[in-house]
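Mapping of the sequence shown onto the working numbering: residues 2 to 329, in sequence order. The structure under discussion appears below in the form of structure tokens.
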Amino acid sequence: MNKPRIFSGIQPSGNLHIGNYLGAIKNWVKLQDQYDSIFCVVDMHAITVPQDPAELRRRTIEVAKVYLASGIDPKKSTLFIQSHISEHAELAWILNTIAKIPELEKMTQFKDKAQKAGKESASVGLFDYPILMASDILLYDTELVPVGKDQLQHIELTRTLAERFNKKFGKTFIIPKAFTTKESENIMGLDDPTKKMSKSASSEYNYIALTDDEETVRRKIKKAVTDSGSEIVYNDSKPALKNLINIYSLLSEISPKEIENKYVGKKYSDFKNALAEVIINYLTPFQKKMAKLTDEKVLEILEEGAKRVRPLAQKKLREVKKKIGFVA
Ligand code: ATP
Ligand code: LTN
């Protein structure tokens, strides 16, 4: 029996942080054994907000290195760069014609990012972003899409578009489902526990980047906001501490309850020092693995991945074009 397919991607639009790892990539590593897995570096999504060309190139390769150093195995999973497969953009154009403007207008991510860019300067690409994401997913007969919870609305729209197309033109697309776990719950910003940790945050004190060195990790954790009081407890009345305990727990596989017990009678500073060490213990071997990966090797893996997925994308797009009446 063929394994069911999963597809996911991350934008090369900033420094990847421990939220991206804990919320998304860590799950992918587990899933790749049971699923036919495709992981993409979505550079076409990244350019929906302005990007410096040299930085975009560097970050695209860096995201692929993060996938590999985190444990995505190119023998088990397929990795590629979105812009290497032009069918993504072509299918997006076709899906544009069945999507409705209000469906896109209500997307939370669009509203947030458009507001950040300034309503007048937000690009049409930013508005259309969820359609490109739907194309990524639907081109490959994806059954499950492992993502952080912030992406659920986009996956709901993908399902709506797939159902609408199937109804209008006959069964063509598999209706995908989102796959989230407890771990894909948002890791919050270190400077503001009410907002998710984000690579496009304005302050570097919002996140721990996967490339941060020891000194930076210690400095950022020391500065991380905490709640009033002095006890190390895990509950909703202390959201900043809860977030720090979550990070500790997910990186060390020690439960929040055990962490509470471990720090009874200790100070915030004791807990924070220990948390910095837990993060450093994860990042050090990870960064060593990343440093060993050469650009040439990574590009080879990405090229190989594109070769593997291209025939799948071409077949699906041919089917779509035929169904809508394009002359072959
Ligand atoms: P930006 O804030 O610039 O939009 P991002 O940091 O949210 O970027 P994405 O590329 O949008 O990163 O997300 C990549 C993956 O990481 C997605 O599956 C997303 O759900 C997950 N993710 C992003 N931020 C977090 C977070 N703070 N906690 C958990 N998962 C996250
Ligand atoms: N929108 C996603 C990135 C993304 C994606 C996808 C995720 C683009 N295409 C397809 C899953 C499947 C994000 O910003 N996290």
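C-beta atoms are modelled at their ideal positions from N, C-alpha and C, and glycine is treated no differently.
In whole angstroms, what is the alpha-carbon distance linking residue i and residue j?
i, j, result
"Thr109", "Gln154", "8 Å"
"Leu139", "Ala70", "28 Å"
"Ser199", "Lys298", "29 Å"
"Asp296", "Ala65", "10 Å"
"His85", "Phe166", "25 Å"
"Pro257", "Ser204", "28 Å"
"Glu232", "Lys267", "7 Å"
Short check: CB of residue i to CB of residue j, under 7 Å?
i, j, result
"Ile82", "Leu303", "yes"
"Asn207", "Asp228", "no"
"Gly149", "Gly24", "yes"
"Ile132", "Ala100", "yes"
"Thr79", "Arg311", "no"
"Ala210", "Asn28", "no"
"Glu164", "Pro5", "no"
Closest to residue i by C-alpha separation, out of the options, would be which residue?
i, options, result
"Ala307", "Ile280, Ser87, Glu104", "Ser87"
"His18", "Ala202, Ile233, Lys289, Pro240", "Ala202"
"Gln12", "Asp34, Gln35, Phe40", "Phe40"
"Asp34", "Asp74, Ser9, Val42", "Asp74"
"Ile260", "Thr195, Lys239, Tyr235, Ala277", "Tyr235"
"Lys112", "Ser253, Asp129, Phe174, Ala47", "Asp129"
"Ser270", "Pro51, Lys323, Lys224, Trp29", "Lys224"
"Leu252", "Thr173, Val218, Tyr22, Ser9", "Tyr22"
"Leu92", "Gly326, Val328, Ala329, Lys317", "Lys317"
Give a single yes or no on whether residue i has its beta carbon closer than 6 Å to a heavy atom of the ligand ATP.
i, result
"Ala70", "no"
"Lys197", "yes"
"Gly126", "no"
"Val148", "yes"
"Ile11", "yes"
"Ser14", "yes"
"Asp151", "yes"
I want to check one thing, is the minimum distance from the CB of residue i to the heavy atoms of the ligand LTN below 6 Å?
i, result
"Asp228", "no"
"His18", "no"
"Val43", "yes"
Could you confirm whether any beta carbon from chain B is found closer than 7 Å to the beta carbon of residue i?
i, result
"Met189", "No chain B is part of this structure, which consists of one protein chain only."
Taking only runs of the beta strand (DSSP E) that begin and end inside the segment 11-43, which ones reach a length of at least 3 residues, in chain order?
37-42
Enumerate, from N- to C-terminal direction, the unbroken alpha helix (DSSP H) stretches of 4 or more residues contained entirely within the segment 265-297.
269-293
Could you pull out every unbroken alpha helix (DSSP H) segment of at least 4 residues lying fully inside the segment 207-239, listed in chain order?
215-224
Restricting to runs no shorter than 4 residues, where is the alpha helix (DSSP H) found entirely within the segment 91-135?
Those alpha helix (DSSP H) runs which fall completely within the segment 91-135 and span 4+ residues are 102-106, 109-118.
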